[in-house]
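Colleague: This structure is in structure tokens; I'll ask about it shortly.
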Amino acid sequence: MELYEMTASELSRLMRDKACSAEEAAKSVLGQIARVEGKVGAYITVTEEGALQKAREIDGRRAKGEELSPLAGIPMAIKDNICTKGVLTTCGSKMLHNFVPPYNATVMERLTDAVVVGKANMDEFAMGSSCETSYFHKTANPHGLGYVPGGSSGGSAAAVAAGEAVLALGSDTGGSIRLPASYCGIVGLKPTYGAVSRYGLVAFASSLDQIGPFGRSVDDVAMLYSAICGGDPMDATSAKRDYPDRDAAPSGDVKGLRIGLPKEYFGAGVEEETRAAVMNAVSILEKKGAVIKEISLPSTGYALSAYYMISSAEASSNLARFDGVKYGYRAEGCEGLTELYEKTRSEGFGDEVKRRIMLGTFVLSSGFYDAYYKRAKQLQQQISAEFAAAFAGCDLILTPTSPSTAFRMGENLDDPLKMYAADICTVTVNIAGLPGLSVPCGRGANNMPLGMQLIGPKFAEKTLLDAAKAYENEAGSFRAIPEIQ
Amino acid sequence: MNNYEIVVGLEVHAELNTATKIYCGCKNSFGSAVNSNCCPICTGMPGTLPTLNEKVVEYAIKMGHALNCEIHPICKQDRKNYFYPDLPKAYQISQFDIPLCGKGYLDVILDDEGTTKRIGVTRIHIEEDAGKLIHDDSFEGSLVDFNRCGVPLIEIVSEPDMRSSAEAKAYLETIKSILQYIDISDCKMQEGSIRCDINVSVHKPGEPFGTRCEMKNVNSFSGAVRAIEYEAARQIEVLEAGGVIHQETRRWDDPAGKSVLLRSKEDAQDYRYFPEPDLLTIVVPEQKVKDLRDTLPELPNHKTLRFMKELELPRFDANLLVESMEKGAFFEACVEKGSCKPKNISNWLLGDVTRLCNEKNIALADTRLTPERLCEMIAMIEKGEISGNAGKTVIEEIMFTEKTVAQVVKEKGLAQISDTGALDGIVQAVLAANEKSVADYKNGKTNAIGFLVGQCMRQSKGQGNPALIKELLLRYLG
């Protein structure tokens, strides 16, 4: 087995035992990038030189007997909306095509020993479910190059699935980690809102955004999550709390665990093959001792509308700073300030971003605020309350991650509503600020991966990972890297 | 003005003097080199997040207490969205529907008799300042200095309770003195640390309020007076010519002495306020709110009134003593001794003491003057033991040397002769030597007495008590 095919846990052990070096691991991953990146297109920037330099530094420190973190030397992809000091951070947009932040995101400060092999492609400003709205190029699904990898963290997911990275960070505002994890057949975690610092994550919707990990095993995702979670004085919305079980490996024990299946997530719109695959996973968990019960989350049907209003409202404000004055793209030959703003923003943003800015500006406008934004916020409270009530009767909730497998490239590009529907199972989790984990659970008729979503109460990441591990132990690993063709 | 009543409401923006900015760790200071005192957070770089400086909340609550406001210990911050190059996030973090401080009031002194007027305060909220555009003939276009981004501000909004430019000025001056008294703002007008927007309308008495116009960008109190008077006159002229006032925002151009239209109501900006998702709800414990109230000193408007009413100082004196906390405290310490008249204390403090401090460029606290020493000297003058003129010599010595009042008086021979026996000989000798003056006096030229007193003073080498000498002279002449 090549080093790039290993899980982070395995690589970490090998490096610790000096059976391989960080440089060898980095070179193995960079070699895979050289072989398949032309087909997959997972990256906007590959940081080969920096990666090798960091790998050698890690090897040097290890040789000196320095105690290193488990993630030291692990080749990693970072979504291109996470600020990396001195490394291009574009958000997949022309607007930031030349933006090199002079500061690191807090997560990068917590991963100083990791070997960053590149900045992963994404839907522009994380708006999209297919990774097709990137200004730079589209990313293909490693399991079927004609299919999308899902979005918006499609580059991160595809990189991990294709062996172009061992681990990756993505961000999830409405499903942007879980959907691509599901489409690419890997594990992806959207942490509880406030569990991971957002400092340095270029904001899409501040009240919903969370950074989270991708990996080819449950243990890998747990390992990366434990490295990045925790309060941050730089982020007022990060939770000031302890994470006592952060270093405990997922147990795989689901005995007596009460798992709720919300009927609204299994109804019309969900493909039969998806339902069957998820129910098969449910029966495996039941056999391992979980207690399955049907529950109801009645407001689910309104969630998508509420999500698009809240997220677009915040986005319209968050993206207003891209005005061509201080950094990033600036339109040429403008007469006066208004034209500078108009041309810069017209030329710098893609269609989907403009659509959301317009939607968000509209719902915040005087005369419409109460009817749209305020009602969406009320729905948010209602949806949160329904989850809270549901968790009185169960320990976690299990749903499909998406109604179907990955769609074909270009299939939904002209139909935003159809594109938005891919997020129907994931947005509620962001709206309620809960943790959500996508775990592969089989394949569709097109041989593309399917995923199930585990949802827990706030800060119940450990419960989700324990249950996912139980399933992984039984169903077999998700780590096989497909032949890229 | 032609039977019109003027109605004025003010929005005062004051920069707070916290050590650091409102949402980042940058120093909160004025005058750094262009773009040297800013960071990725206050310049709104992608991915950065604000974290609230708690001192800003404390300072604003102190002002709320000073203006008798309801305090909202649970409140939120909101985004005010608009595009401008000096606002790098394209939104200002401010407070919209739930300000930190709600309704309150302020009593301002309007005249020398101490007549006061109560001006309603609508609200006080916290917000961040924007940067500054620099225009200069030496280059094309405009440049931005981001140093001021994130400087903490409070905005104090008044009710439309003022009826003249003079009332508005009194209100502004009182606000300024309070800000300085509770030490939350440097109030340096030339640095723009206090600015105001002015709402003006006019109407005939008995009729409802007229349509108001807002003037932005007024950065001096005298400018505010000119702006109000100009705007009221403009509106009256429009009305008198049969026109109507349209609600609009105008920019006050102080050098030109006029306001110009900025935008009409139809073009009013929609700021699309919404709750700032990057910041948590502000929650101030009740006890903290109370404790902050207890830190407040006696406020300057109350103190001025007390000096005027209880100590019978003229408004001029009271204002000067209140304006300087140091002199005010010194004055009160003297009054407390009860050994001399408040007005005399005030005269010496504001007169010779201030003059000498200024001449030597030294603070009162750095002199050797104490309330005890000053009162001792003034009491001697009041008792006639030394003359007021001698006091001018004494004061300099007791301010700048360690000598006691008694030592100075003795060394310099400044004691007044207030002994009738000692003065009697001098008086008799002077009367004998100036028969013509005595005759003049007896013939009705009463001002001859002045000459005689002067002669006695000369004979006593300036040490005779002039009042006593006069008394003796009159006794002989009578």
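Heads up: the sequence lines are chains A and B, in that order.
The opening residue of the first sequence carries number 1 in the working numbering; numbering runs sequentially from there.
The opening residue of the second sequence carries number 1001 in the working numbering; numbering runs sequentially from there.
Yeah, the Cβ is synthetic: ideal placement off N, Cα and C, and Gly gets one too.
These numbers were taken from a predicted model, which means no experiment stands behind them.
Measuring alpha carbon to alpha carbon, tell me which of A/106, A/228, A/220 and A/133 ends up nearest residue 234 of chain A.
Modeller: Checking every option, the nearest Cα to that of residue 234 of chain A belongs to A/106.
Colleague: Can you list the residues of chain B that residue 330 of chain A reaches, using a CB-CB cut of under 8 Å?
Modeller: Neighbours of residue 330 of chain A on chain B: none; closest Cβ ~12 Å, over 8 Å.
Colleague: Count Cβ pairs between the stretch 184–196 of chain A and the stretch 67–83 of chain A that sit closer than 8 Å; are there 3 or more?
Modeller: Because the criterion of three Cβ pairs below 8 Å is not met, the stretch 184–196 of chain A and the stretch 67–83 of chain A do not touch.
Colleague: Quick check: residue 150 of chain A and residue 406 of chain A, are their CB atoms within less than 8 Å of each other?
Modeller: Contact flag set, yes.
Colleague: Going by other Cβ atoms of all chains shown within 10 Å of its Cβ, with 16 needed for buried, is residue 1260 of chain B buried or exposed?
Modeller: Result: exposed.
Colleague: With three or more C-beta pairs closer than 8 Å as the rule, is the stretch 253–270 of chain A touching the stretch 1294–1310 of chain B?
Modeller: In short, these stretches do not touch, since the Cβ pair count stays below three.
Colleague: For residue 961 of chain B, collect the residues of the same chain with a Cβ closer than 7 Å to its Cβ; drop the 5 residues on either side in sequence, then sort them by chain order.
Modeller: No information on residue 961 of chain B is available, as it lies outside the stretch 1001 to 1478 that chain B covers here.
Colleague: Would you list the one or two residues that DSSP bridges to residue 1135 of chain B?
Modeller: In the DSSP output, where bridge partners are listed per residue, residue 1135 of chain B has B/1142.
Colleague: Any beta carbon of chain E sitting closer than 8 Å to that of residue 108 of chain A?
Modeller: Protein chains in the displayed structure are A and B, and chain E is not among them.
Colleague: I need the boundaries of the alpha helix (DSSP H) containing residue 1083 of chain B, first residue and last residue.
Modeller: That residue, residue 1083 of chain B, is in no alpha helix (DSSP H); it is neither H nor E in DSSP.
Colleague: When the distance is taken between beta carbons, is residue 142 of chain A closer than 8 Å to residue 484 of chain A?
Modeller: Yes.
Colleague: Which residues does DSSP list as the beta-bridge partners of residue 201 of chain A?
Modeller: Partner(s): A/82.
Colleague: Compare the C-beta of residue 373 of chain A against all C-beta atoms of chain B and say whether one is closer than 8 Å.
Modeller: Residue 373 of chain A counts as touching chain B.
Colleague: Comparing alpha-carbon positions, which option in B/1338, B/1368 and B/1396 lies nearest residue 1359 of chain B?
Modeller: The option with the nearest alpha carbon to residue 1359 of chain B is B/1396.
Colleague: Out of curiosity, what's the CA-to-CA distance linking residue 84 of chain A and residue 1147 of chain B?
Modeller: Roughly 25 Å separates the two Cα atoms.
Colleague: Would you mind giving the Cβ-Cβ distance between residue 314 of chain A and residue 205 of chain A, rounded to the nearest angstrom? I have them listed as a contact below 8 Å.
Modeller: With 8 Å as the limit, residue 314 of chain A and residue 205 of chain A qualify as a contact, their Cβ atoms being about 4 Å apart.
Colleague: Counting only runs of 4+ residues fully inside the stretch 1232–1308 of chain B, write out the alpha helix (DSSP H) ranges in chain order.
Modeller: Runs of the alpha helix (DSSP H) inside the stretch 1232–1308 of chain B: 1286–1294.
Colleague: Are residue 1281 of chain B and residue 1126 of chain B touching if we call contact CB-CB under 8 Å?
Modeller: No; because the gap between Cβ atoms is not below 8 Å, this pair is not in contact.
Colleague: Is it buried or exposed for residue 461 of chain A, if we count other Cβ within 10 angstroms and need 16 for buried?
Modeller: Buried is the call here.
Colleague: Can you name the residues of chain A whose CB is closer than 8 Å to the CB of residue 1020 of chain B?
Modeller: Within chain A, no residue comes near residue 1020 of chain B; the closest Cβ sits about 14 Å away, beyond 8 Å.
Colleague: What's the C-alpha gap between residue 3 of chain A and residue 436 of chain A?
Modeller: Each residue's Cα considered, the two are about 29 Å apart.
Colleague: Kindly indicate if chain A contains any beta-carbon less than 8 Å away from that of residue 1270 of chain B.
Modeller: True, the Cβ-Cβ gap to chain A drops below 8 Å.
Colleague: Does residue 311 of chain A get closer than 8 Å to chain B when you measure Cβ to Cβ?
Modeller: So no, residue 311 of chain A is outside the interface.
Colleague: Against chain A, which members of the stretch 1079–1112 of chain B pass a CB distance test of less than 7 Å?
Modeller: Residues passing the 7 Å Cβ filter: 1079, 1081, 1083, 1085, 1088, 1089, 1090 and 1091.
Colleague: Out of A/6, A/121 and A/36, point me to the one whose CA is closest to residue 79 of chain A's CA.
Modeller: Checked all of A/6, A/121 and A/36; the closest Cα to residue 79 of chain A is A/121.
Colleague: Rounded to whole angstroms, what's the CA-CA distance from residue 1069 of chain B to residue 1105 of chain B? Just pull it up for me.
Modeller: Distance between the alpha carbons of residue 1069 of chain B and residue 1105 of chain B: 7 Å.
Colleague: So who's on the other strand from residue 1200 of chain B, going by DSSP bridges?
Modeller: Per DSSP, B/1008 and B/1213.
Colleague: Report all residues from its chain with a CB closer than 6 Å to the CB of residue 376 of chain A; omit the five preceding and five following residues, and keep chain order.
Modeller: The residues are 306, 309 and 310.
Colleague: Buried or exposed, going by whether 16 or more other CB atoms sit within 10 Å of the CB of residue 350 of chain A?
Modeller: Buried, because 16 or more other Cβ atoms sit within 10 Å of the Cβ of residue 350 of chain A.
Colleague: Look up residue 338 of chain A in the DSSP assignment and say whether it is helix, strand or coil.
Modeller: In the structure shown, residue 338 of chain A sits in a helix (DSSP, three-state: H, G or I).
Colleague: Going straight from the alpha carbon of residue 82 of chain A to that of residue 1130 of chain B, what length do you get?
Modeller: If you take the alpha carbons of residue 82 of chain A and residue 1130 of chain B, they lie about 26 Å apart.
Colleague: Rounding to the nearest angstrom, what Cα-Cα distance links residue 216 of chain A and residue 159 of chain A in this structure?
Modeller: Cα to Cα, the separation comes out at about 11 Å.
Colleague: Is residue 452 of chain A helix, strand or coil when you go by DSSP?
Modeller: Strand, per DSSP.
Colleague: Can you check whether the C-beta of residue 99 of chain A is within less than 8 Å of a C-beta belonging to chain B?
Modeller: Yes, because at least one Cβ of chain B sits closer than 8 Å to the Cβ of residue 99 of chain A.
Colleague: When you compare the CB positions of residue 396 of chain A and residue 259 of chain A, do they come within less than 8 Å of one another, or not?
Modeller: Yes.
Colleague: Within the 8 Å Cβ cut-off, does residue 1143 of chain B reach chain A?
Modeller: No, residue 1143 of chain B lies away from the interface with chain A (no Cβ there is under 8 Å from its Cβ).
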